[in-house]
Structure formats: C-alpha cells, structure tokens
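Remarks on the structure that follows.
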Amino acid sequence: MAAGETHRTIEAVFRIERARLVAGLARYTCDVDRAEELAQDALLAALTDWPNGGVPRNPGAWLMAVAKRRAIDGRRREQMLERKHAEIARELDDGRHAPIEALEAEMDDDLGDELLGLIFTACHPAISPDGRAALTLRLVGGLTTEEIARSFLSSEATIAQRIVRAKKAIGEAGLAFEVPRGRERAGRLASVLEVIYLIFNEGYAATSGDDLVRPALCAEAQRLGRILAGLMPDEPEVLGLLALMELQASRLSARSAPDGGFVPLTKQNRARWDQLLIRRGLAALARAEALGGADGPYALQAALAACHARARAAGDTDWKRIAALYDRLRQVAPSPVIDLNRAVACSMAYGPEAGLRMIDEISGAAALRNYAPLPAAKGDFLFRAGRLPEARRQFEIAAGLTRNARERAFLLERVRACTPPGSPGAPRVE
Amino acid sequence: MRVIVFVKATEDSEQGAMPSAELIEAMGKYNEELINAGVMVGGDGLKPSAEGKRIAFDGTSRTVIDGPFAETRELVAGFWIWEVKDMDEALAWAKRCPNPMPGPSELELRPVVSMDDFAENMTAEGAEIHARNEQRLAGA
C-alpha cells in the first residue's frame, strides 16, 4: 500500500475513534486542551507504528493506551520535578503497564458514558451558546476550526476565539466531563438538544450567505442526533429531535432548484424527498410518542414535519391537523415564531382572512421586529386574498429584511408577481 | 454520503447455514457500534437465493427463473445502509466488521445514487409517480 494511502486509512480510523478518545482523556485529565493534545500524540504514534505493524485489532484501545501512557509520563515528570515523590512514581508505573485488555474492557464497560459526558460538557450552559455549538462540532464532530468557520461563515480567528473561551469556561466552572444525574439532568439535556438543533438549523435555514442550505452541517447535526439517540435510547425528546431532523433533512435536496434558488414546501418535487430519512423520522417519532413524549416540543415539531412527509401531494396536506399541533406547541413552547407559523397553518386550513386576523394579533411582538418571515407570510395571505398592492408592499419589506441572497431573490419574484402585467414600476427594496 | 455495503454470498450462506452464536454476538456488537456512531441507517440479511426468483426481460417477454442461482460469488447475502463522510470512513468501518461467514468472504461498498442523479430525464409525470410510490414505501 502506498504511504499516502496508508496515512489516509489511519486518519479514517482515527476520525472514527477521535471523539471517544478525547472524551476518555478529558475525563482522565480534566483538561480539554490536554485531551486534544494527547489524542493528537496518539495519532502521530499510529502514523509511525501502523504502517509497519498493521492496524491493531482494537484501534480505539491502542490509541487510548498510547495517549494515557503519555499522560502518565507527563504527569510523572511534573511530579518528579516538583516533589520527587517515589511513592507516586511507583503507583503511576503500575498504571503504565496496564495491559491493553484491561483498557479494552474498561472502554467496553463505559458504554459511551464518557462520550455522553463530553457532549454534556461541551453543551454546558456555562458556555455561551455559539461557543457550545463550535466546541461540540470540534470535540464531538471532529471538525477543524477552519471547517467550523466555513460552516458558520465566520473567520477562523473568531471561531478559534470562541473555542478558547468555551474551554476556559469549562475550566472555570470546574466541569468534570460527567453525565449529569437527577434533577440537573433535564435542564442540561435541553441545552444539548438546543445546541444540536442550532447546528442543524444553521445548515438547513442558512440565515446568511449565498447558499440556502449547507448540507454538510445538517449531516453533522444528524450524526450527533443519531449518536445521542444511540446513547440515550429512552429519552423521548432525544428521539423527537432526531425525528425532526431526519424529516426536515429528507427535503434538503428538494428545497433548492437546480439554479440554487429556494423552492417552498408546497412547490417541491416530492419524488426528491429522501424516503429512507422519512422512514427513519417517522419511526423515531413513533418511539418518542410510545415513550410518552408526544407533547415534547421537539416531538411536536417532528409531528408537524411528519404531516408534510405523509402528504403525497401538496394539496393533500392536513392543514387542520397542523394548525391543531401548533396550538399544542405554543402551550409547551410559547414563542412569537410559533404563533407566526400557526397563522400560516390556519391560513391554509381556514383561508387567508383567518391568517391575517392572527398575524395582526402578533405583529407587535418585539421578537418579530425585522423578522423577514413575518411580512413574507402577511404578503402571502394578502396575495391569496387578492389584495395585490398591499401584498406587494409586504414582499418588498420582507426582501429588504432577509440576509439570505436566495431567499431575497424568491421574495423579489413574489413582488413581481403582484404587479399586474404592463404596469410601471420595478420592485423596490429598502 | 450514503453507501450500501453488500455482504456477498458464499457456499455456506447459500446453503442456509446459520451463523454461529459467537458470530451473532459479534455482529450484534458491531451493529451497535455502527448505530452508536450514527453511521448505520438501515440493513437486513437475505435468505439463500434458493428462495429467490428472477425475472428475465427481453423486449416484451418476461420469464421467471426460480432460485437457487449459480454464480454464488455474485450473489448478495445481506446489506447495510450507512451514512458516512466519505469512502475512506466507510472502508475504515467495513474493515472492522467481523468476518460475516465461516470461510473467506467479501463485502462490497457502493455509493448510492439519489433521485437528483436522474434529474435530466425526469418529467413532471415521472416525478409524481415516484413521489407516490416512494411515499407508500416509506409507510407515510
């Protein structure tokens, strides 16, 4: 095998093992930076050893053994220098010769507990929300700073800074890389789910830039969701979030036209929906509901997405059920954005006037100020009610608010559609 | 990317030989690893080709051929569907699969085509029919 190919093979193996490796080392050293360093050392050792000896039978245990040995050597050096404490050195020496089988058994025993601990720590509320997302992508997803920067359309320096701050916050809060138990658990889990969904949405509803979707980021969030569902198979909201992401991702390729333009749900070519993901999404939702989680915020959103997935054609969509689901969703997770979506569903179920009445009730909400989907929805209701000049004005406002180039093009198209043929005046954007 | 991993048939699998208790356990652990890593999204094992049928097409004629089929090495005994970042990752996972057969055996990794790859020849009617069929397939 050529050297380049061997390296690629080893790096692929390392990528598979990296998250668990960093997780185990973080708990061992209580220091993320050190854990990442040690993992990197282990990769270098593998790149030296494996081309000759071959990939070991259990590469994860091999890498962990090498990394822990380095950690012990490092610690022993420090302690020898500081105190020359023979007792500690001997104790650590024993650890140094721990057979690989013991480590293997240990790794099998933890059943992903360490990885879960790492996820919970990276998503800890002590870290700023954007720091959590960056750190999770780095530590659990194994993305480089450069890849994360590209995903979030940020500079590498910004992301690097975010990660440094996040690591500092972990150190200051003295987090032990453990899975929270008892009462703390629910709140912490909510934060984990929020981070994963934030990553997904940054890919799915790219809020800025030229691309409408960044599928790699969605795939990363889905993978995180699947890992979490594997580690916590009885948490209904974990399954709810997974269902939501699988169902939404099933429409990824149908959402963009060949020219990159945005295709709204009702106009999408449903043959391009990914049926494997729909099947997985519906199954995860069914499990969440069977576990008594039907009214969880993520399960409800997944149920909403499932309504669309089940409709063979846009005209078959059960908008009344969707409106009813939004009624339940706003009880458990009140938000003006949900109220807005509820208005859209009601306009589809009961006509544009119903939508307009509801949107008037919420348009004063502070959270919806300068929120492009609000005038876009209002414009759509007015358009369907035949009030074209008013609709046109709303689409213009929406186009002026959105930061996404593809979405702006779509809204300007709707502005044009409000102008009767032959009348003067090009679309106006401010 | 999505990859299908075929477990190629062997004389043993074609004779319907049951996997050993050890292999069943090892395969279970392997699948668990795949699931925990968020890689495996589907898969199944297949019965021997003796229980399968083939339809041969030639113009308008259709001829049913009963199994078993001869060219054992080209037959499939099972499959996984994985979602991975690239073929390197798929290969790394495939290499750590326990040998699925008592004797020498083979896995074959093939990237999956999506509907998008047919976009050029897809008419509105074609798309509509595919949408209907595949949604029924999904149980939606």
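Protein sequence lines, in the order shown, are assigned to chains A and B.
Each step along the first sequence adds one to the number in UniProt numbering, with nothing skipped, and position 96 is 96.
Each step along the second sequence adds one to the number in UniProt numbering, with nothing skipped, and position 9 is 9.
Heads up, the beta-carbon is just placed ideally off N, CA and C, and yes, glycines get one too.
In this text the structure is predicted, and so the values were computed from the model without any measurement.
Applying the criterion that 16 or more other CB atoms from any shown protein chain within 10 Å of the CB defines a buried residue, is residue 245 of chain A buried or exposed? Working through the first sequence from its first residue, we reach residue 245 of chain A at position 245. Buried, because 16 or more other Cβ atoms sit within 10 Å of the Cβ of residue 245 of chain A.
If I'm right that residue 236 of chain A touches residue 182 of chain A with Cβ under 8 Å, what's the distance once you round it to whole angstroms? Along the first sequence, read from residue 1 onward, the residue named residue 236 of chain A stands at position 236. Along the first sequence, read from residue 1 onward, the residue named residue 182 of chain A stands at position 182. Between residue 236 of chain A and residue 182 of chain A, the beta carbon gap of about 18 Å keeps them out of contact (Cβ cut-off 8 Å).
Could you list the residues in the segment 3-32 of chain A with a C-beta less than 8 Å from some C-beta on chain B, going in chain order? 8, 9, 11, 12, 13, 15 and 16
Could you tell me the distance, in whole angstroms, from the CA atom of residue 13 of chain A to the CA atom of residue 141 of chain A? In the first sequence, residue 13 of chain A corresponds to position 13, counting from 1. In the first sequence, residue 141 of chain A corresponds to position 141, counting from 1. Going by the C-alpha atoms only, they are around 14 Å apart.
What is the residue span of the beta strand (DSSP E) that residue 6 of chain A lies within? Counted from its first residue, the first sequence places residue 6 of chain A at position 6. Not the beta strand (DSSP E): residue 6 of chain A falls in the alpha helix (DSSP H), residues 3-29.
Pick out whichever of A/389, A/250 and A/347 has its Cα sitting closest to the Cα of residue 420 of chain A. In the first sequence, the residue the question calls residue 420 of chain A occupies position 420. Measuring from the Cα of residue 420 of chain A, the nearest candidate turns out to be A/389.
Is residue 322 of chain A close to chain B? Criterion is C-beta to C-beta, closer than 7 Å. Sequence index remark: in the first sequence, residue 322 of chain A carries index 322 (1-based). With a threshold of 7 Å between beta carbons, residue 322 of chain A makes no contact with chain B.
Taking residue 190 of chain A as the query, report the chain B residues whose CB atoms sit under 8 Å from its CB, ordered along the chain. The residue given as residue 190 of chain A occupies position 190 in the first sequence. None at all; the shortest Cβ gap to chain B is about 21 Å.
Taking only the alpha-carbon atoms, compute the straight-line gap between residue 233 of chain A and residue 38 of chain B and give it to the nearest angstrom. Indexing the first sequence from 1 puts residue 233 of chain A at position 233. Indexing the second sequence from 1 puts residue 38 of chain B at position 38. Between the C-alpha atoms of residue 233 of chain A and residue 38 of chain B there is a straight-line separation of about 13 Å.
Proximity of residue 334 of chain A and residue 365 of chain A at Cβ, strictly below 7 Å: Residue numbering aside, residue 334 of chain A sits at position 334 when the first sequence is read from its first letter. Residue numbering aside, residue 365 of chain A sits at position 365 when the first sequence is read from its first letter. Going by C-beta atoms, residue 334 of chain A is not nearer than 7 Å to residue 365 of chain A.
State yes or no: is the beta carbon of residue 338 of chain A nearer than 7 Å to at least one beta carbon in chain B? Here residue 338 of chain A refers to the residue found at position 338 when the first sequence is read from its first residue. Cβ-Cβ to chain B under 7 Å: no for residue 338 of chain A.
Any beta-carbon of chain B closer than 7 Å to the one on residue 119 of chain A? Along the first sequence, one-based indexing puts residue 119 of chain A at 119. It does not: the Cβ of residue 119 of chain A has no partner Cβ on chain B nearer than 7 Å.
Whose C-beta lies closer than 6 Å to the C-beta of residue 133 of chain A among residues of the same chain, with five residues either side of it excluded? As a working note, residue 133 of chain A is residue 133 in the first sequence. Cβ neighbours of residue 133 of chain A beyond the five flanking positions: 195, 198 and 199.
As assigned by DSSP and simplified to three states, the class of residue 272 of chain A: Taking the first sequence and counting its residues from 1, the one referred to as residue 272 of chain A is at position 272. Under the three-state reduction of DSSP, residue 272 of chain A is assigned to helix.
Quick one: grab the DSSP three-state call for residue 60 of chain B. Walking along the second sequence from the start, residue 60 of chain B turns up at place 60. Here DSSP, grouped into helix, strand and coil, assigns residue 60 of chain B to coil.
Since residue 78 of chain B and residue 44 of chain B should fall inside the 8 Å C-beta cutoff, what is the C-beta to C-beta distance between them, to a whole number of angstroms? Here residue 78 of chain B corresponds to residue number 78 of the second sequence, with the count starting at 1. Here residue 44 of chain B corresponds to residue number 44 of the second sequence, with the count starting at 1. With a Cβ gap of about 6 Å, residue 78 of chain B and residue 44 of chain B count as contacting.
Jot down the residue ranges of each uninterrupted beta strand (DSSP E) in the segment 64-114 of chain B, minimum 3 residues, whole runs only, in chain order. Within the segment 64-114 of chain B, complete beta strand (DSSP E) segments of at least 3 residues are found at 76-83 and 107-111, given in chain order.
N- and C-terminal bounds of the alpha helix (DSSP H) containing residue 2 of chain B: Here residue 2 of chain B is taken as the residue at index 2 of the second sequence, counted from 1. Premise fails: residue 2 of chain B lies in the beta strand (DSSP E), 2-8, not in any alpha helix (DSSP H).
Give the C-beta separation of residue 42 of chain A and residue 35 of chain A to the nearest angstrom, bearing in mind that I take them to be a contact with Cβ-Cβ under 8 Å. Numbered from 1 along the first sequence, position 42 holds the residue referred to as residue 42 of chain A. Numbered from 1 along the first sequence, position 35 holds the residue referred to as residue 35 of chain A. With 8 Å as the limit, residue 42 of chain A and residue 35 of chain A do not qualify as a contact, their Cβ atoms being about 11 Å apart.
Show which residues of chain A have a CB atom less than 8 Å away from the CB atom of residue 93 of chain B. Within the second sequence, the letter at position 93 stands for residue 93 of chain B. Correct list: 16.
Please check if any C-beta of chain A sits within less than 7 Å of the C-beta of residue 28 of chain B. Here residue 28 of chain B is taken as the residue at index 28 of the second sequence, counted from 1. It does not; no Cβ of chain A falls within 7 Å.
Residues of chain B with CB under 7 Å from residue 63 of chain A, in chain order? Numbered from its first residue, the first sequence carries residue 63 of chain A at position 63. Ordered by position in chain B, no residue passes the 7 Å Cβ test against residue 63 of chain A, which lies about 13 Å from the chain.
Min CB distance residue 315 of chain A to chain B below 7 Å: Position 315 of the first sequence holds residue 315 of chain A. It does not; no Cβ of chain B falls within 7 Å.
For residue 414 of chain A, three-class secondary structure by DSSP: For the purposes of this step, residue 414 of chain A is taken as the residue at position 414 of the first sequence. Secondary structure of residue 414 of chain A (DSSP, three-state): helix.
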